[in-house]
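Taking my numbering, the leading residue of the sequence shown gets 6, the next gets one more, and so forth. Okay, so here's the structure we're looking at.
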Amino acid sequence: MTDHNTSGRNNHARAIIDHATANEAAVEDELLTITEVADIVRAPVATLRYWRHLGTGPHSFRIGRGVRYWHHDVTTWLQQQSSASDQPRPRTGR
């Protein structure tokens with residue numbers, strides 16, 4: 006026979022974990038300004054504007070006149086840059 010009180014506690018624990026996971030996802034999906042992203046990647050705002058022009062920086066978009074970034078996109082882009090720099094560069098012949 007199952008104890009309904011125990012299964013109720015398990016459901017409550019699952020709900021708490023699901024809520025915590027949703028909150029973590031919401032924090033990671035925070036909207037950032039170009040200045041905030043410049044602080045994160047430690048690059049001047051002008052460099053971010055140039056990367057945006059070239060299409061090489063983290064994904065960005067406009068809201069009205071302002072440029073915004075999703076926090077998740079910035080961290081993903083940084084991880085991609087980090088893993089790309091770990092790869093050996095091809096040698097050029099002399």
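Think of the CB as a built atom: it goes at the ideal place given N, C-alpha and C, for glycine as much as any other residue.
Take the Cβ of residue i as the centre, count every other Cβ of all protein chains shown within 10 Å, and call the residue buried at 16 or more, exposed below.
i	result
Ser65	buried
Pro49	exposed
Tyr55	exposed
Gly60	exposed
Pro93	exposed
Arg53	Here the sequence assigns Leu to residue 53, which means Arg is not the residue at that position. By the neighbour-count rule (16 or more Cβ atoms within 10 Å), Leu53 is buried.
Hey, how far is the Cα of residue i from the Cα of residue j?
i	j	result
Ser90	Gly69	35 Å
Gln86	Gly71	25 Å
Ala43	Arg57	12 Å
Leu83	Val46	8 Å
Ala51	Gly62	12 Å
His77	Asn16	29 Å
Arg73	Ser88	25 Å
Ile39	Arg67	11 Å
How is residue i classed by DSSP in three states: helix, strand or coil?
i	result
Thr52	helix
Asn61	It is Thr, not Asn, that sits at residue 61 in the sequence shown. Of the three classes helix, strand and coil, the one that applies to Thr61 here is coil, per DSSP.
Grab the span of the alpha helix (DSSP H) containing residue i for me, first residue to last.
i	result
Glu41	39–46
Quiz item: Enumerated in chain order, which unbroken segments of the alpha helix (DSSP H) with a length of 4 residues or greater are wholly contained in the stretch 67–96?
Solution: Fully enclosed alpha helix (DSSP H) runs of 4 or longer: 76–91.
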